[in-house]
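Residue numbers (the working numbering): 1 to 174.
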């Protein structure tokens with residue numbers, strides 16, 4: 001026989017047990033979601049650290065390449081330096097009595113930020129002056145390649161002439 005007091009105690013115990021089970025379930029739910037959020041934050045932190053390391057490495061490589069890039073620029077005509085380069089070429093014969101004239105110029109765009117300038121040159125003067133111009137072309141402070149060199153006597157004057165085709169690297173105009 002249950003008394004009223006026993007029934008009330010049983011009901012209170014059942015409510016407390018249900019509340020405890022509910023609190024336990026709620027605690028488990030929050031723990032699970034907190035753990036997922038913590039795991040996601042941990043993965044984000046690991047990704048950031050990896051990217052930070054990659055960034056630092058890339059910046060170091062970039063700094064190392066800057067010196068090399070600056071050194072290479074010494075061998076390449078600047079973007080706006082074609083006219084000055086032509087003036088330099090045409091002045092190569094000034095000290096030895098030869099005349100140097102650019103007869104054709106073509107620029108081929110490269111896909112690596114460097115263009116190729118092709119020049120056709122005509123030289124008149126004594127044999128030694130024409131040869132000296134060729135030598136000076138080969139020793140220019142730029143990456144210069146003499147593609148063709150045709151030397152011969154000019155008809156009727158007794159002087160020599162030279163026809164040269166050279167290529168030079170130039171920074172690409174942006």
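Ideal Cβ positions, reconstructed from N, Cα and C, are used throughout, including at glycine. Computed from a predicted structure; not experimentally measured.
Judging by CA-CA distance, which residue of the options is the nearest neighbour of residue i?
i: residue 72; options: 51, 114, 90; result: 114
i: residue 93; options: 112, 78, 132; result: 132
i: residue 102; options: 9, 124, 19, 111; result: 124
i: residue 146; options: 129, 12, 169, 127; result: 169
i: residue 171; options: 104, 74, 100; result: 74
i: residue 157; options: 13, 126, 43; result: 126
i: residue 91; options: 117, 16, 136, 78; result: 136
Hey, would you say the C-beta of residue i is under 7 angstroms away from at least one heavy atom of the ligand GDP?
i: residue 11; result: The ligand GDP is not among the ligands present in this structure, which contains no ligands whatsoever.
In the DSSP output, what is residue i paired with across the bridge?
i: residue 108; result: 116
i: residue 125; result: 160
i: residue 148; result: 165
i: residue 153; result: 160
Report the three-state DSSP secondary structure of residue i (helix, strand or coil).
i: residue 53; result: helix
i: residue 22; result: helix
i: residue 100; result: strand
i: residue 65; result: helix
i: residue 79; result: coil
i: residue 170; result: strand
i: residue 42; result: helix
i: residue 34; result: helix
i: residue 3; result: coil
With a cut-off of 8 angstroms on the beta carbons, I'd call residue i and residue j a contact; round off their distance for me.
i: residue 144; j: residue 166; result: 6 angstroms
i: residue 121; j: residue 164; result: 4 angstroms
Need the endpoints of the alpha helix (DSSP H) that residue i sits in, please.
i: residue 88; result: 82-90
Measuring only between beta-carbons, confirm whether residue i sits less than 8 angstroms from chain D.
i: residue 106; result: The chain inventory of the structure shown lacks chain D, comprising one protein chain alone.
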